[in-house]
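Protein chains in written order, with the UniProt record's numbering: chain A, 1 to 392; chain B, 1 to 401; chain C, 1 to 229; chain D, 1 to 336.
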């Protein structure tokens with residue numbers, strides 16, 4: 001949760017909230033508010049009376065300015081949005097962010113590769129990154145007990161993890177005494193998950209952490225998960241897990257097209273291996289014909305290259321059931337056959353079931369082999385080999 | 001390439017025999033029958049399976065036998081192909097499998113049918129086998145040659161003509177013609193080959209020469225002497241072997257035109273005679289063209305259309321040429337303008353890769369002979385894909401399985 | 001822990017995970033692939049592992065299968081390894097041709113033998129060259145090796161057990177070396193074929209070499225404790 | 001830090017626009033001033049006396065103030081949200097931040113910083129913008145052009161009809177750009193193209209015509225393309241291209257006297273009649289015939305197949321045809 005703040009929090013509840021974060025965590029699913037958004041309209045009377053520390057004063061000033069700044073930015077954005085709607089001849093009331101993006105990409109067609117570097121018009125909330133909330137009260141007293149560690153949120157998190165772990169140990173002991181065994185079915189499945197990566201954890205905590213600290217976090221989390229009753233604190237654990245992408249579903253399988261003879265076909269363009277480049281067409285009911293640059297398999301006179309073409313067809317069990325056409329240029333015979341092999345494998349995905357796709361992926365058929373020849377370095381005999389050392 | 005006939009081995013064997021004196025054909029045949037008798041006996045029971053046929057005479061082959069194997073009896077194999085004619089790798093395979101099996105394939109059947117129904121009183125018809133590398137042109141020719149040997153054809157068989165152009169045993173300047181090159185050893189080897197193939201028939205027919213041949217002051221072959229004597233003379237006097245070949249071939253032409261015998265001419269790699277150059281150097285250190293070699297003339301002579309009572313089976317091959325002349329396997333390209341005009345009109349016979357049935361049978365034959373030991377459900381499909389059903393490629397692939 | 005390493009392979013460089021002992025997960029130092037890429041399992045049969053293992057791999061990117069590997073009848077693991085040892089100067093085509101010829105010769109020899117003894121025990125003779133190769137390698141695998149360790153200024157030849165990978169390597173290397181040593185006029189393929197046939201039948205120079213090594217280790221077994229102390 | 005800076009910059013910029021009173025100089029020293037203000041406030045609270053060990057010279061060299069004109073606030077501030085944009089931005093023009101009332105941002109920044117705004121952002125100027133071609137503008141212009149349009153001529157509805165009535169296609173290019181000169185050297189280039197099947201030839205003429213035009217003819221598409229760009233004017237080039245076409249066409253019908261004397265050696269096509277093939281075929285067919293009898297001529301089909309085999313080059317089809325004809329001529333029965 002992005003917490004955008006720079007406002008000063010003067011309500012005492014908030015202190016409790018921060019201090020009792022772990023308690024809340026254990027009971028409810030709400031997240032620990034490491035920071036939040038507060039708008040200060042004017043300093044309350046109490047503050048004026050008391051003596052305010054200098055740091056507090058500076059902080060107040062900054063908070064006010066930021067607030068003001070965000071407000072004007074927001075206003076600007078709203079006006080800009082209306083202007084844009086007017087330019088494009090659309091209704092400003094129903095002009096959505098999607099419309100804005102479309103209009104901008106039409107009006108300013110940038111060819112930059114990185115999409116984030118292209119011109120954009122976004123709400124200031126998205127443009128300006130989040131800040132930390134006030135960590136001390138008007139007298140300069142920090143709210144958080146771990147304020148002086150410099151990274152209170154992170155250490156609070158470690159503390160929480162340990163507390164969870166201890167609770168689970170207690171539970172385990174009690175259960176053991178009672179003779180209850182942990183439920184195997186409810187065990188936390190880690191196969192599809194990854195611990196929250198460092199950068200994401202940093203965003204979440206609004207703090208920068210060191211590598212060693214991150215690994216401390218990982219090991220303590222692992223200890224928590226390794227506990228037999230870890231499913232009891234599933235909510236807590238899941239907050240710091242990130243689902244992994246299923247590799248086999250990652251690439252979308254194209255739908256086959258229909259050619260003049262009513263056969264299904266798939267063309268894979270840009271099959272690259274070494275310096276070879278190919279495009280491969282696979283047609284579905286076929287007789288196992290193969291056509292490479294107008295020749296049959298005798299295009300390759302090396303046995304290994306033919307074997308490479310055979311590999312995906314044989315592996316998927318479609319040998320003799322599909323026709324293959326390939327145009328290939330550049331590179332040597334090994335590179336060319338590798339390029340075609342990849343093309344065949346990629347095209348065959350459309351004609352086999354999901355299980356087979358996963359199997360082909362495991363066999364390394366669907367990975368593009370982007371290894372290239374390593375260049376020779378000066379002062380060396382080759383890419384790695386050094387000249388023979390001779391003293392003189 | 002490597003497999004393709006290097007008859008050096010067989011020829012050297014012949015040449016060693018030459019020095020010892022001419023061997024008698026009968027003794028060789030006798031020896032071989034003794035040696036092969038035992039395995040032949042036990043082969044009888046396993047002979048007829050799905051991919052085998054019991055008909056060992058190529059004359060009896062019909063489309064029914066297509067894609068089936070027939071066995072050439074060992075003594076016949078020795079007689080006909082003793083001096084070459086089967087590819088080297090195939091010879092090895094025969095040795096390992098302890099039987100000489102040939103597959104009956106459609107180009108051979110087509111040729112056999114032409115030969116059987118041909119009107120022999122007409123000028124000879126030239127059949128030209130052509131096809132990609134390793135599709136079985138030589139084996140098709142071997143099949144037809146077997147037919148010819150069993151049906152009283154005098155065989156004029158050149159196992160691999162490019163050998164003369166590419167790696168001759170010895171070269172010498174021709175005595176008779178100025179500026180020509182003689183290949184005495186090769187010529188003598190060929191005469192031996194001719195004699196081995198046709199000894200029985202020559203004995204039976206008792207062919208006579210039609211004119212006097214004067215070799216030198218003391219040596220001559222008078223009119224009316226037996227053709228065998230002429231051949232023997234050529235073998236004995238290597239110096240005159242080339243001229244003897246010319247004499248024998250012109251005699252054969254006359255005899256067959258006269259109806260005294262039937263002649264089957266089979267020349268493998270015929271296009272070598274029309275290659276732009278050979279590897280032979282003349283005295284002035286220049287490459288000689290094939291038409292300056294004395295051996296070329298008689299074989300061009302016998303492939304001409306001006307005689308009857310015979311058939312010509314020729315094959316044109318990419319690998320008979322040298323680098324730079326191997327773009328296509330088509331006869332016109334390989335023969336060149338001169339060769340085409342020399343042969344025209346000829347009957348081109350295309351030899352192609354295996355059909356599906358032939359391929360399946362070949363695989364089962366290999367499995368039967370324990371040559372393929374791998375077992376996989378899609379073994380045949382995989383081999384089919386890898387070899388593209390090309391016989392030679394299949395043979396190479398199966399080696400390591 | 002291994003499981004973790006697989007998932008967080010990406011962070012291994014951070015320190016703690018850098019020193020994992022699991023050999024399979026270590027990618028080569030200069031590999032073009034990121035360290036969390038897994039090796040491909042290109043044999044279909046070996047993909048029938050436990051479901052959990054597969055589920056784990058389903059989230060891990062896989063390296064591309066090598067050009068020399070495939071799941072066809074022409075490829076086998078040990079054969080591929082042997083090929084890699086035969087190759088000189090990257091000429092794998094020649095190496096493949098040599099091994100094929102070797103197999104051919106083995107088959108010819110075995111078929112000949114089979115025809116000789118056809119009557120009684122013809123079935124006992126193995127013709128499968130690949131099986132013979134595997135048999136030969138298994139027969140010539142050494143179990144122990146002598147390594148010299150310095151103790152108190154004196155070098156002792158201490159018998160040390162070999163890992164399986166290493167022992168396979170020695171087996172193949174010895175067979176190849178033995179083949180290369182023989183008469184130079186005979187082609188490598190036929191020499192290799194003889195060596196393999198010999199080794200597969202438990203005789204020949206390679207087996208002798210192995211036995212010699214084992215005997216030496218046996219003799220030096222008194223020094224075995226120097227491995228630790 | 002960078003984030004801070006942007007933030008400050010923007011804020012001060014905004015203030016500056018809003019109040020119209022601050023100078024551009026102050027814009028960049030805004031942060032400093034803020035701090036000074038803070039300091040002053042602190043000093044009000046607790047006096048902090050500075051111990052002055054060495055008397056600082058009061059005399060400071062008076063520096064000449066550089067006078068700069070105040071930067072006027074951006075024009076876009078005064079724009080109404082329902083203005084006529086086509087009037088504000090009538091034609092193509094590179095981006096100008098003050099004239100475009102959009103809070104655009106462009107640029108890649110590290111995590112935790114906002115992208116640079118439209119002011120003084122050169123990247124935005126590099127992009128060719130379409131601000132003059134907004135949907136309302138297009139609509140407006142189409143409306144305006146409409147009165148000059150004429151109906152499409154009848155009979156030329158489809159591409160084929162156009163091609164049929166006007167087989168010759170002339171392509172010229174006009175260039176319009178902002179250079180001091182209005183001429184472009186490429187503008188004089190004239191490309192004339194037509195399908196060769198539109199012209200009528202006999203065999204000799206076609207052969208000669210193709211030799212004359214050389215590479216200008218594309219065998220695959222049957223299109224002749226003449227490009228003329230030698231002359232300085234387009235008109236001259238056009239005239240030359242048409243002249244070239246006409247001249248080549250008429251020249252191709254002229255047969256030179258020497259063309260009759262072409263011999264066998266420079267034979268371009270194979271003629272059965274003139275070759276050895278005929279002799280051999282005749283000799284075979286008339287084998288054993290007496291000299292006086294009428295000779296049997298080889299069949300037309302055979303002659304044709306030989307010619308085809310040699311002229312068209314070898315392929316499976318031609319050679320199969322040749323085989324068929326030979327078998328027929330030599331009277332060899334074919335199975336099945």
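C-beta: ideal position from N, C-alpha, C; glycine also.
Remember, predicted model here, so these are calculated numbers, not experimental data.
Exposed or buried, residue 332 of chain B, counting other C-beta atoms within 10 Å across all chains shown (16 or more means buried)? buried
8 Å Cβ cut-off: residues of chain B touching residue 296 of chain A: 388
Could you check the C-alpha separation between residue 233 of chain D and residue 176 of chain D for me, to the nearest Å? 17 Å
Short of 6 Å in beta carbon distance, which residues of its chain neighbour residue 252 of chain B, apart from the five on each side in sequence? Order them along the chain. Same-chain partners within the cutoff: 263.
Contact under 8 Å by Cβ, residue 103 of chain C with residue 69 of chain C: no
State the CB to CB distance for the pair residue 175 of chain A and residue 195 of chain A, rounded to an integer number of angstroms; the pair is presumed to be in contact (CB under 8 Å). The beta-carbon separation of residue 175 of chain A and residue 195 of chain A, rounded to 27 Å, does not stay under the 8 Å limit for a contact.
So if I threshold CB-CB distances at 9 Å, which residues from the region 57-69 of chain C count as touching chain A? 57, 58, 59, 60, 61, 62, 63, 64, 65, 66, 67, 68, 69
Quick check on the DSSP output: what are the complete beta strand (DSSP E) runs of length 3 or more inside the region 112-136 of chain A, in order along the chain? none
Between B:315, B:230, B:293, which has its C-alpha nearest residue 176 of chain B's C-alpha? B:293
Helix, strand or coil for residue 143 of chain B per DSSP? helix
For the region 306-331 of chain B, enumerate the residues whose C-beta is nearer than 9 Å to any C-beta of chain D, in chain order. 306, 308, 328, 330, 331
Taking all protein chains shown into account, decide if residue 195 of chain B is buried (16 or more other Cβ within 10 angstroms of its Cβ) or exposed. buried
From the beta carbon of residue 221 of chain C, is the nearest beta carbon of chain B less than 8 Å away? no
Can you have a look at residue 238 of chain B and say buried or exposed, based on whether 16 or more other CB atoms are within 10 angstroms of its CB? buried
Using only the alpha-carbon positions, how far apart do residue 80 of chain D and residue 100 of chain D sit? 12 Å
Does the distance from the CB of residue 348 of chain B to the CB of residue 214 of chain B come in under 8 Å? no
Given that residue 358 of chain A touches chain C, what residues does it touch there, using C-beta distances under 7 Å? 58
Name, going along the chain, the residues of the region 91-112 of chain C whose beta-carbon falls closer than 8 Å to a beta-carbon of chain B. Those residues of the region 91-112 of chain C that come within reach of chain B (Cβ to Cβ, closer than 8 Å) are 99, 100, 101, 103, 104, 107, 108, 111, 112.
With burial defined as no fewer than 16 other Cβ atoms inside 10 Å of the residue's Cβ, what is the status of residue 284 of chain D: buried or exposed? Residue 284 of chain D should be labelled buried.
Coarse secondary structure for residue 238 of chain D, derived from DSSP in three states: helix
Sequence-distant residues of the same chain with beta carbon closer than 6 Å to residue 35 of chain B, five excluded per side: Caution is warranted here: a pLDDT of 38 is assigned to residue 35 of chain B, below 50, making its placement in the model unreliable, and no coordinate value can be reported.
Can residue 271 of chain B and residue 306 of chain B be called in contact, C-beta distance under 8 Å? no
So, are the CB atoms of residue 320 of chain B and residue 189 of chain B less than 8 Å apart? no
Check whether the Cβ atoms of residue 86 of chain D and residue 147 of chain D lie closer than 8 Å to each other. no
Using three-state DSSP, classify residue 344 of chain D as helix, strand or coil. Summary: the structure shown does not reach residue 344 of chain D, with chain D confined to residues 1 through 336, and so no result is reported for it.
On a Cα-Cα basis, can you pick out the residue from A:239, A:224, A:282, A:270 that is closest to residue 256 of chain A? A:282
Mind checking if residue 77 of chain B is an interface residue toward chain C, Cβ cutoff 8 Å exclusive? No - not a single Cβ of chain C is within 8 Å of the one on residue 77 of chain B.
Would a check of beta-carbon distances place residue 55 of chain A closer than 8 Å to chain D? Taking Cβ atoms only, chain D never reaches closer than 8 Å to residue 55 of chain A, which makes this a no.
Separation of residue 341 of chain B from residue 318 of chain A, as counted between CA atoms: 49 Å
Is the shortest distance between the beta-carbon of residue 385 of chain B and the beta-carbons of chain A less than 8 Å? yes
For the pair the region 275-289 of chain A and the region 315-329 of chain A, tell me if three or more CB-CB distances fall below 8 Å. yes
Neighbour list for residue 147 of chain B in chain D, Cβ cutoff strictly below 8 Å: At a C-beta separation below 8 Å, residue 147 of chain B has no neighbours in chain D, since its nearest C-beta there lies roughly 16 Å away.
Contact set between residue 159 of chain A and chain D, taken where Cβ atoms lie within less than 7 Å: Under the 7 Å cutoff, chain D gives no residues; its nearest Cβ is about 26 Å from residue 159 of chain A.
Ordered along the chain, which non-local residues of its own chain (more than five positions away) have a Cβ less than 7 Å from that of residue 309 of chain D? 318, 319, 322
Under the rule that 16 or more other beta-carbon atoms within 10 Å means buried, what is residue 305 of chain A, buried or exposed? Around the beta carbon of residue 305 of chain A, 16 or more other beta carbons lie within 10 angstroms, which makes this residue buried.
Would you kindly work out how many angstroms separate the C-alpha atoms of residue 71 of chain B and residue 163 of chain B, rounded to a whole number? 28 Å
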